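Numbering (full-length UniProt numbering), first residue to last: 1 to 347.
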């Protein structure tokens with residue numbers, strides 16, 4: 001479109017054409033507005049294209065479902081992508097002039113209609129996962145992640161397509177976002193499975209994507225007791241986790257709190273701060289394990305008998321002042337959460 005000398009003339013001519021004018025005019029208007037950097041007008045023009053198809057909604061749905069092949073699927077996916085991108089840019093433009101950004105929310109409503117079209121039987125359903133991923137990106141951007149649940153149920157409870165039959169690109173994106181949702185729900189085994197799946201299916205050449213996954217997978221791994229290599233953290237510029245890992249290795253609670261405070265803004269933006277904050281139990285667990293190892297070297301027969309006073313002294317060595325009652329409470333939580341096995345023997 002940038003190479004056309006008179007875009008308005010083409011628009012006027014296309015308006016005189018046959019039934020294709022209704023489809024072509026919004027495209028030309030969107031491209032012309034985009035070339036002029038009028039993103040709001042570009043979004044509104046492009047949005048008219050699917051809207052025109054949806055005006056006679058029931059007829060369009062029936063016709064689309066009656067097609068045996070998915071010949072129009074790729075075009076529909078392109079529209080879904082462009083609608084989201086233009087809506088994001090239009091909202092930025094609206095916000096910059098003091099107006100309420102609302103285009104992305106509208107794009108989400110439209111894509112839900114598209115999802116409904118694709119979620120039926122037949123080969124066109126393979127496009128449902130792509131539209132789902134576009135919806136995830138909108139919901140995460142708007143902070144309305146609870147809206148993801150309905151589309152997740154539609155994908156995961158359907159038996160028309162096996163998950164592995166969807167395109168690799170869409171499976172990767174889907175598992176990444178659903179993995180992030182599991183992190184928010186503190187369902188770490190499920191988060192580990194989904195984010196690990198995304199990492200395994202990510203191209204090694206896409207380092208930015210790998211880093212994006214690791215930002216959430218590393219806190220999950222830490223929560224289940226698996227520490228990453230420093231080489232991995234350095235390679236993908238995730239050095240904010242270096243001191244967190246070191247604190248866990250040492251069993252040093254004070255150092256963990258300092259590491260979280262140092263990079264608090266970054267962890268909060270990623271949405272993993274609360275997950276990392278709960279690593280304090282992992283620190284206590286590792287500290288008690290160190291005490292057990294030391295006692296085993298001195299007296300193997302009584303290594304399993306750890307006195308609360310010994311734990312209190314170890315904490316004081318790390319400049320953490322706690323009494324016996326507090327330590328007993330912490331140990332009971334560790335046992336309850338299956339982070340260690342044991343029982344209390346009060347003499």
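We treat Cβ as the ideally placed atom computed from N, Cα and C, and that holds for glycine. Computed from a predicted structure; not experimentally measured.
For residue 183, the closest of 85, 223, 299, 204 by C-alpha to C-alpha distance is 223.
Between the alpha carbons of residue 153 and residue 221 lies a gap of roughly 26 Å.
Residues 76, 80, 131 of the same chain have their beta carbon placed closer than 7 Å to that of residue 114, with the five preceding and five following residues left out of the count.
Residue 305 carries a coil assignment under DSSP once its states are collapsed to helix, strand and coil.
Secondary structure within the stretch 252-305: not one fully enclosed beta strand (DSSP E) run of 3 or more consecutive residues is present. For residue 198, the enclosing alpha helix (DSSP H) has its first and last residue at 188-200. Straight across, the Cα-Cα distance linking residue 287 with residue 335 is about 14 Å.
Under the 8 Å Cβ criterion, the stretch 244-253 counts as touching the stretch 278-292, having at least three qualifying pairs.
Taking C-beta atoms as the reference points, residue 142 and residue 104 count as a pair closer than 8 Å. Residue 326 and residue 315 have their alpha carbons spaced roughly 11 Å apart.
The alpha-carbon of residue 176 is positioned some 45 Å away from that of residue 297. Around residue 303, the same chain offers 292, 295, 296 as residues with beta carbons nearer than 7 Å, after the five sequence neighbours per side are excluded. Counting only runs that start and end inside the stretch 145-170, the alpha helix (DSSP H) elements of at least 4 residues fall at 148-157.
Measuring C-alpha to C-alpha distances from residue 30 to each of 90, 74, 199 identifies 90 as the nearest. Taking a contact as a CB-CB distance under 8 Å, the pair residue 133 and residue 173 counts as one, their CB atoms being some 4 Å apart. With respect to residue 257, residue 319 sits apart: the two C-beta atoms are not nearer than 8 Å. In this structure, residue 219 sits near residue 276, with a CB-CB distance shorter than 8 Å. Ranked by Cα distance from residue 278, the options 324, 210, 339, 144 are led by 339. DSSP, read as helix, strand or coil, puts residue 136 in helix.
Here DSSP, grouped into helix, strand and coil, assigns residue 320 to coil. Its Cα nearest to that of residue 331, the residue 308 stands out among 97, 317, 308.
For residue 78, the closest C-alpha among the options 127, 323, 321 is that of 127. By a beta-carbon distance limit of 8 Å, residue 179 contacts residue 195. Their separation comes to about 4 Å. 8 Å or more divides the Cβ of residue 101 from the Cβ of residue 107. Straight-line spacing of the CA atoms in residue 109 and residue 82 works out to 15 Å. Of the other Cβ atoms in all chains shown, 16 or more fall within 10 Å of the Cβ of residue 259; this residue is therefore buried. One alpha carbon belongs to residue 216, the other to residue 270, and they sit about 8 Å apart.
In this chain, the alpha helix (DSSP H) harbouring residue 219 covers 207-223.
In the structure shown, the three-state DSSP call for residue 247 is helix. When the beta-carbon positions are compared, residue 238 and residue 214 come within less than 8 Å of each other. Each of 185, 167, 226 was checked against the Cα of residue 198, and the nearest Cα belongs to 167. A direct Cα-to-Cα measurement between residue 40 and residue 85 gives close to 11 Å.
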